[in-house]
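According to our numbering, the stretch in the sequence shown is residues 15 to 149, in order.
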Amino acid sequence: MPLLLPYQLTFDVVRRLAEAKGKVRLALLLPTEWHIGQDRATWTSQAWMRNVEPHFGVGIPDGQAVEQLKGEGPYDLALIWGYGDGLAPHDPDDLLETISAALGCPTITPNVLNIFNARMLLRPAWPERPHVGRG
C-alpha cells in the first residue's frame with residue numbers, strides 16, 4: 015500500500031473544495047505557535063491556494079484557537095493542523111463536535127482523513143450499501 019501523507023490528503027480536500035466553490039474560507043487550528051510562520055507560508059505555497067483564505071488559531075484542547083477564530087467566520091471548513099490533536103488522553107471527548115459547532119463548519123483531522131483513505135485501499139472493499147440504503 016502506498017504511503018499517503020496526511021498533509022497531502024488534507025491539501026487535496028481543500029484544493030477540491032476551492033475548485034468547486036471558487037473561494038474557501040479556512041479555519042486552521044494549531045496546537046502551538048511553534049511553527050506558525052512555516053504554517054502561514056505553507057498555506058500560500060501553491061498556485062491553487064490563491065483561492066484559499068486561511069485563518070489561524072492557536073491552542074486546540076484549551077479552546078483558545080476557537081476563541082481566536084470565532085470572530086473571523088463564517089468558515090467553509092476547519093482543519094486541525096496537528097497530528098493526534100483531539101485524540102490525546104486529556105482532550106475532551108467532544109472536542110471536534112465543539113469546534114464544529116463553534117465555527118459553524120465541518121472539522122477535519124489529518125488522523126481520520128488518513129484512516130479513511132487507507133481503508134479505501136484495503137481489501138475487502140468498503141461496504142457502501144449500509145450507508146446508502148436501497149431504492
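Even glycine gets a Cβ: it sits at the ideal position worked out from N, Cα and C. Fair warning: this is a prediction, and the values are worked out from it, not measured in the lab.
Run of the beta strand (DSSP E) containing LEU93, from where it starts to where it stops:
91-94
How about ALA79 and GLY87: do their beta carbons lie closer than 7 Å?
no
Along the alpha helix (DSSP H) that carries GLU81, what are the first and last residues, could you check?
78-84
Local conformation of HIS69 per DSSP, three classes
strand
Rounded straight-line distance, which links the Cα of ALA116 to that of ARG148
35 Å
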